Amino acid sequence: MTGPDPLLTWRKEFPILETCTYMISHSLGAMPRGVREKLTAFADLWNERGIQAWEDAWWEMPLTVGNTLAKILGAAPGSVTMHQNVSVSESIIASALDFSGPRNKVVYTDMNFPSVMYVWEARRKLGARVQMVASDDGITVDTQKLLDAIDEKTLVVPISHVLFKSAFIQDVAAVVEKAEKVGALVALDCYQSTGTIPFSLEKLGVHFALGGSVKWLCGGPGAGYLYVRPDLMGKFSPAVTGWAAHARPFAFETGPIDYAEGIRRWMHGTPAIAPLYQCQPGFEIIQTVGVQAIRERSVRQTTRMIDRARAKGFRINSPLDSSRRGGSVIVDVNDGKSVCQELIRRRFLVDYRPGAGVRIAPHFYNTDEECDALIDEIAAIAASRPAGAPAANRS
Ligand SMILES: Cc1ncc(COP(=O)(O)O)c(C=O)c1O
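Residue numbers for the sequence shown follow numbering that gives the first Met the number 0, beginning at 0 and rising by one.
As structure tokens, this is what we get:
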């Protein structure tokens, strides 16, 4: 006799699952029940201890919470600090690099998340030469094309581990190998892989990594993170900085900054504390469930959904090979935006991305029945629509 599915026993920790079919964890992971208590603990400490809250816990939290996350990221303690979001973390990295010399090329792909592109494009005025490697099919990035673009003039390669639009998994190891060979740095956006694909930043050898907690980590907004490879931490002087990055912040020294040692050097001003409380239940649950178990479930359920959708005649805009696919499935459907709106009205929570389609993200708390019902609902809505509206990948 088989017992209850161990992953599904976590469903009770996510109240929203009782009210809808929640398949949008690539965008906003479901809120763990424990978040409410954590945010109350934050408010209580502030209320009861006032200014002493900083000493009690708050001042160290970007690093202590970073250490919890480091376990999921496969990173050493002391190599991760928390920031607000990817845009901030990416800007800190960019501000640490010097584009005034001959090595001033930034190589990225057009499948990066837009925030990331905007940060690097903005460096053009400081001398950056930006080379964008285009996807041939809007789903994948040709690894060889990317590797060929990385040369002796390349300073940094900001790439996504899993592409947000298609869930394609990039070959990070190959990119790091090429970057190391020519002396370039890799800044890995692992937002779409953390918490759904097992990996180790240490083993990958990336120079920098960053992401947020909003999605698969079920940690909510405001708890972004930045990893710096320990041997590189002291070698850079980020220009996006502040007093929390000073060696003696409470001396309030005037003039130029004397940077702190270690990952503190990569901080800036007063940290946003409430998100660092709110993200903890999600981190704890993901770590307890285990990313390997989450991945196994995800591969099975995404494959199941793809098979069902294809059997109904839908085109899939994510890789069919599960070893190259992250946690999402993108179904191309005529008039995808309005199909998505109708799904949400019927309490199937998914999203839509132009040029991609309806994005679906089963997480460890979803059942097989929910996966089947969602695909059936898409088919039912599509069948009720007039034919001929443009499909997402052609719009
Ligand atoms: C791969 C990836 N990077 C970054 C972001 C978001 O960037 P930011 O944290 O700056 O909002 C997202 C989605 O929101 C994403 O999917």
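For each residue, glycine too, the CB sits at the ideal point set by N, CA and C.
Since the structure is predicted, the reported quantities are computational estimates derived from the model, not experimental observations.
If you draw a straight line from the Cα of residue 139 to the Cα of residue 254, it comes to about 48 Å. Here the distance from the Cβ of residue 159 to the nearest heavy atom of ligand 1 is below 7 Å. Of the candidates 341, 304, 312, 309, the residue whose Cα lies closest to the Cα of residue 360 is 304.
Within a 10 Å sphere around the beta-carbon of residue 327 sit 16 or more other beta-carbons, which makes this residue buried.
For residue 104, the number of other beta carbons within 10 angstroms of its own is at least 16, and it is reported as buried. Sequence-distant Cβ neighbours of residue 370 in its own chain, meaning closer than 7 Å and more than five residues away, are 300, 303, 304, 361.
In this structure, DSSP gives residue 238 a state outside helix and strand, which the three-state scheme calls coil. For the pair residue 64 and residue 72, the CB atoms are not nearer than the 8 Å cut-off. DSSP, reduced to helix, strand and coil, places residue 131 within a strand of the structure shown.
Under the DSSP assignment, residue 7 falls outside any beta strand (DSSP E); it carries neither an H nor an E label. Between residue 220 and residue 243, the C-beta spacing is not below 8 Å. Rounded to whole angstroms, the separation of the alpha carbons of residue 96 and residue 284 is 36 Å. The shortest CA-to-CA distance from residue 118 to any of 102, 148, 375, 155 is the one to 155. When secondary structure is reduced to three states using DSSP, residue 302 falls in the helix class. Remark: the shortest separation between the CB of residue 190 and any heavy atom of ligand 1 falls under 7 Å. Burial check for residue 350: the Cβ neighbour count within 10 Å reaches 16 or more, so the residue is buried.
In this structure, the straight-line span from the alpha carbon of residue 94 to that of residue 238 is close to 5 Å. When DSSP reads this structure, residue 37 sits in no beta bridge, so it has no partner.
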